[in-house]
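Below is one structure; the comments refer to it alone.
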Amino acid sequence: RYPGCLGEVFLANGEILKERHEKTPILAFSHKKLHDVLLTVQFLLCREYPMPRHTVMAQGGLFSGMYVYRDWIPDLFKRWPLRVFSLWFSNRMGGALARFFHAMDFNPVYRRFRDVPSRRVYESNRFAGRQLSGLSYEEFMVFTRHETESSINTVMRHILEENRQLIVFPEGKYQHSGEIIRLNRFLMKIAGDSSHPVMTVSFSYDELCPDFFGRIDACMSPAIVGPDRRAALTAKTAEALQNNTVIVASPLIAIILLGHESHTREQFARRIQSLANQAAAAGLLIDPRLESYDFCKERLSRFLARRKLA
């Protein structure tokens, strides 16, 4: 509820969360934006029965000062003499993050070109190399391979022997366009080999219509994908993530704007309502509030006021 974060949060297909499974479903979330972390917490808290113990594969940079230095520190502070302070701060924060994520059963996986850069990038000011990690590039490569292999073995043991719930963001990076891209092959291999069902959870945000404090409404919708061979499971998981996305006001506003037609406020709001009704008639999930003309008008007012268009 902080400014710039989440407003109202809605859950569709909530009855799916009450289903029992012999093998704990793997939770696969769509990956839209930074708000995904907040919405994932909301999803994990909304259940009506105790959560199974989980296990998580997370990007390796979160377990050291690399993530902090790369993504939090402005380029200006990566130059001498401010760089000394930046390195100190990054390592202190990295240590705190590592303790937190380990306590939450997160396991580091180092991805090529993201957490494992080229030698040139590793030794540049952007990554700070040995000064940040204390390792030469060759030592760093050995370390990341060992950590990744250890995490993979740990996660597989958690799933197969302890029936824990694996939580993943299978797309691997934010997709601001809303489309679902190729899913991580290794993560889908785990699902295929373990024969655990996959519970997809699709996120959508009404980001064109924030309230006065910049908060946006969000919707989430789970679906179950049964065990299958890896290729078929990958296709079904991607399809479930896409097709179970709840349609909110923002994409409908964007569709109308892309038509380059002139509308009065009333016509624009009626058009939003009409598109929502067409989507519902086609069997798609929509924010049910869009069936109301007054609500569509209120969403349009938010959009126009935020961008000082009217």
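Take 1299 as the starting number for the sequence shown in our numbering and just add one per residue. Using N, Cα and C, we set each Cβ at its ideal position, and we do this for glycine too. Every value quoted in this text rests on a predicted model; they were computed, and no experiment measured them.
Limits of the alpha helix (DSSP H) - the one that residue i falls within
{"i": "residue 1436", "result": "1435-1458"}
{"i": "residue 1594", "result": "1591-1604"}
{"i": "residue 1586", "result": "That residue, residue 1586, is in no alpha helix (DSSP H); it is neither H nor E in DSSP."}
{"i": "residue 1549", "result": "1547-1556"}
Sub-7 angstroms separation of residue i and residue j beta-carbons
{"i": "residue 1362", "j": "residue 1392", "result": "yes"}
{"i": "residue 1614", "j": "residue 1546", "result": "Summary: the structure shown does not reach residue 1614, with the chain confined to residues 1299 through 1608, and so no result is reported for it."}
{"i": "residue 1302", "j": "residue 1512", "result": "yes"}
{"i": "residue 1531", "j": "residue 1489", "result": "yes"}
{"i": "residue 1521", "j": "residue 1307", "result": "no"}
{"i": "residue 1367", "j": "residue 1426", "result": "yes"}
{"i": "residue 1578", "j": "residue 1595", "result": "no"}
{"i": "residue 1501", "j": "residue 1374", "result": "no"}
{"i": "residue 1556", "j": "residue 1310", "result": "no"}
{"i": "residue 1548", "j": "residue 1504", "result": "yes"}
Distance, residue j Cα to residue i Cα
{"i": "residue 1456", "j": "residue 1350", "result": "12 angstroms"}
{"i": "residue 1573", "j": "residue 1565", "result": "12 angstroms"}
{"i": "residue 1358", "j": "residue 1405", "result": "8 angstroms"}
{"i": "residue 1603", "j": "residue 1328", "result": "29 angstroms"}
{"i": "residue 1372", "j": "residue 1378", "result": "13 angstroms"}
{"i": "residue 1355", "j": "residue 1407", "result": "6 angstroms"}
{"i": "residue 1506", "j": "residue 1365", "result": "29 angstroms"}
{"i": "residue 1242", "j": "residue 1569", "result": "This structure leaves residue 1242 out entirely; the chain is present only between 1299 and 1608."}
{"i": "residue 1484", "j": "residue 1598", "result": "42 angstroms"}
{"i": "residue 1397", "j": "residue 1589", "result": "47 angstroms"}
{"i": "residue 1300", "j": "residue 1370", "result": "20 angstroms"}
{"i": "residue 1400", "j": "residue 1576", "result": "47 angstroms"}
{"i": "residue 1571", "j": "residue 1591", "result": "6 angstroms"}
{"i": "residue 1525", "j": "residue 1486", "result": "11 angstroms"}
{"i": "residue 1450", "j": "residue 1593", "result": "47 angstroms"}
{"i": "residue 1469", "j": "residue 1342", "result": "19 angstroms"}
Close-in-space but distant-in-sequence residues of the same chain around residue i (CB under 6 angstroms, 5 per side omitted)
{"i": "residue 1353", "result": "1403, 1453, 1456, 1462, 1464"}
{"i": "residue 1321", "result": "1494"}
{"i": "residue 1413", "result": "1357, 1358, 1359"}
{"i": "residue 1340", "result": "1307"}
Residue i, enclosing beta strand (DSSP E) - first and last residue
{"i": "residue 1519", "result": "1514-1523"}
{"i": "residue 1385", "result": "No beta strand (DSSP E) holds residue 1385; the alpha helix (DSSP H) holding it covers 1380-1401."}
{"i": "residue 1352", "result": "1352-1357"}
{"i": "residue 1366", "result": "No beta strand (DSSP E) holds residue 1366; the alpha helix (DSSP H) holding it covers 1363-1369."}
{"i": "residue 1502", "result": "1496-1503"}
{"i": "residue 1327", "result": "1324-1327"}
{"i": "residue 1306", "result": "1304-1309"}
Contacting residues, own chain, Cβ-Cβ under 7 angstroms from residue i (five flanking each side not counted)
{"i": "residue 1508", "result": "1514, 1600, 1604"}
{"i": "residue 1441", "result": "1433"}
{"i": "residue 1492", "result": "1457, 1458"}
Other residues of its chain near residue i: CB distance less than 8 angstroms, five sequence neighbours each side excluded
{"i": "residue 1523", "result": "1495, 1496, 1497, 1498, 1531, 1534, 1535, 1538"}
{"i": "residue 1394", "result": "none"}
{"i": "residue 1446", "result": "1358, 1406, 1407, 1408"}
{"i": "residue 1314", "result": "1497, 1520, 1521, 1522"}
{"i": "residue 1439", "result": "1414"}
{"i": "residue 1542", "result": "1310, 1311, 1498, 1500, 1519, 1520, 1521, 1583"}
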